[in-house]
Amino acid sequence: MMVAGAMQQGVNPLLGWGQLVHLVEGLPFAATLLAILTVHEFGHYFAARRWQVKASLPYFIPLPYLSFLGTLGAVIRIRSPIPNKRALLDIGASGPIAGFVIAVIACAVGLPMSRIVDAGYFGQLPRQLEPDTIQLGAPLLFDFLSNWLLPAVGDEQLVLLSPVAFAGWVGLFITAFNLFPVGQLDGGHIAYALTGSAHRLVGRLTFSALLVLGAYGVLSLVADLPAHWPAGWPGWLALALLLTVFGRDHPPPYNPTIPLDRRRRVIGILCLTIFILCFTPVPFGALAG
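Residue 291 is where the sequence shown ends in the working numbering, and the numbering goes up by one at each step.
Here is the structure:
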């Protein structure tokens, strides 16, 4: 992640031993994103421990060359049955809520550190100083925070996010990604706990939506779509493929008959609200560098 963060700043610490000093430039992004991922996964871990469910410590998945983020995230493994729906919701919801809080803090800290530049800013830089740039979608919450914490941005201007703000944005994206109510994603756990047998219908609708959004994303790459058509991102097809491989349904807990109490239903609705605030149909646009 430090390498990815440094490359986002226009330097490549892997070009030689003399360039390793620039690795420190990736520290703000890497430390912030690592904090978000760690808090998310330990949210799951401690919730599992409270219910005496065996769980591994977090595994962090590096991806140093194939991803501009430097990572595929982190996971924990559940090693014993989940006893009931209450435990399922607690374990499923604790990670996204915990990570969401840290991501919001990162956005709030990082946005005032960001810069507003003219649209032609990157064309004025020498080629070797151009950072990798990517157009980001704006989830509802990020859009609200940007309007609140940044000066007005003109039509011919761009916001160049600070490393901390970008890590916060990635944290919101990861939160939304995990909260899709399908399969054994965090949102799949929550959907099963809330809806029981109806989770299959929720999962099928979610899977269909991913296919549609992914198809629109592919079409947008090969054809000029009318402005009023829905937007999409090809990456949603990759998620649909993973769900096809690993399963779109959710296994029941050991005792599925114990109902949720009111507090946990409120937590489930809170997670749905967080998903809506963090989701954007086109998270990533054209990459240039």
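The beta-carbon is built from N, C-alpha and C at its ideal position, and this holds for glycine as well. Owing to the predicted nature of the structure, the values given are computational and were not obtained by experimental measurement.
Rounded separation between residue i and residue j - CA only
i    : j    : result
R88  : W150 : 37 Å
I104 : A37  : 8 Å
I93  : I84  : 9 Å
G156 : T135 : 19 Å
E27  : V214 : 39 Å
P153 : P141 : 18 Å
M115 : V247 : 41 Å
F48  : F70  : 30 Å
V13  : G185 : 39 Å
G287 : I99  : 27 Å
P254 : I278 : 26 Å
L245 : G205 : 10 Å
S96  : T40  : 12 Å
T197 : Q10  : 42 Å
F175 : V284 : 11 Å
G270 : H201 : 13 Å
A233 : G219 : 7 Å
T259 : S199 : 11 Å
V106 : H252 : 30 Å
V77  : F102 : 16 Å
L274 : F182 : 9 Å
L227 : W235 : 13 Å
F44  : L143 : 24 Å
S195 : L25  : For the sequence presented, residue 195 should be read as Ala rather than Ser. Cα to Cα, the separation comes out at about 44 Å.
Selection from the options that minimises the alpha carbon distance to residue i
i    : options                : result
L113 : G97, A167, P85         : A167
A169 : A195, F248, T34, T246  : T34
Q54  : W235, L152, L147, I80  : I80
R117 : P255, L163, L59        : L163
L90  : V13, P285, H46, S199   : H46
V119 : E158, T282, G185       : E158
L239 : S210, H191, A32        : S210
T73  : G249, A6, L221         : A6
C280 : S58, K56, I260, C109   : C109
L241 : R267, A178, G139       : A178
L65  : Y256, M3, R264         : M3
A295 : L203, G237, I276, L207 : The question about residue 295 has no answer, for the chain in this structure spans 3 to 291.
Q1   : A57, A121, L147, P60   : Absent from the structure is residue 1, since the part of the chain shown begins at 3 and ends at 291.
N180 : G75, P60, D145, R51    : G75
Assigned secondary structure, residue i (DSSP; H/G/I helix, E/B strand, else coil)
i    : result
T259 : coil
F281 : coil
V155 : coil
P28  : Per the sequence presented here, residue 28 reads as Gly, with Pro not at that position. In this structure, G28 counts as helix in the three-state DSSP scheme.
V161 : strand
F209 : helix
G287 : strand
Q137 : strand
A37  : helix
L274 : helix
G7   : helix
G198 : helix
V172 : helix
F182 : coil
G190 : helix
V268 : helix
G216 : helix
V13  : coil
D145 : helix
Limits of the alpha helix (DSSP H) - the one that residue i falls within
i    : result
W238 : 237–248
G234 : Premise fails: G234 is in no alpha helix (DSSP H) and is neither H nor E.
A225 : Unbroken run through A225: none, as it is neither H nor E.
Proximity test, residue i beta-carbon vs the ligand PLP heavy atom, cut-off 8 Å
i   : result
V13 : Looking for the ligand PLP in the displayed structure turns up nothing, as the structure carries no ligands at all.
**Study point:** Contained beta strand (DSSP E) runs [length at least 3] in the segment 43–120, N- to C-terminal order
**Key:** 61–64, 73–77, 117–120
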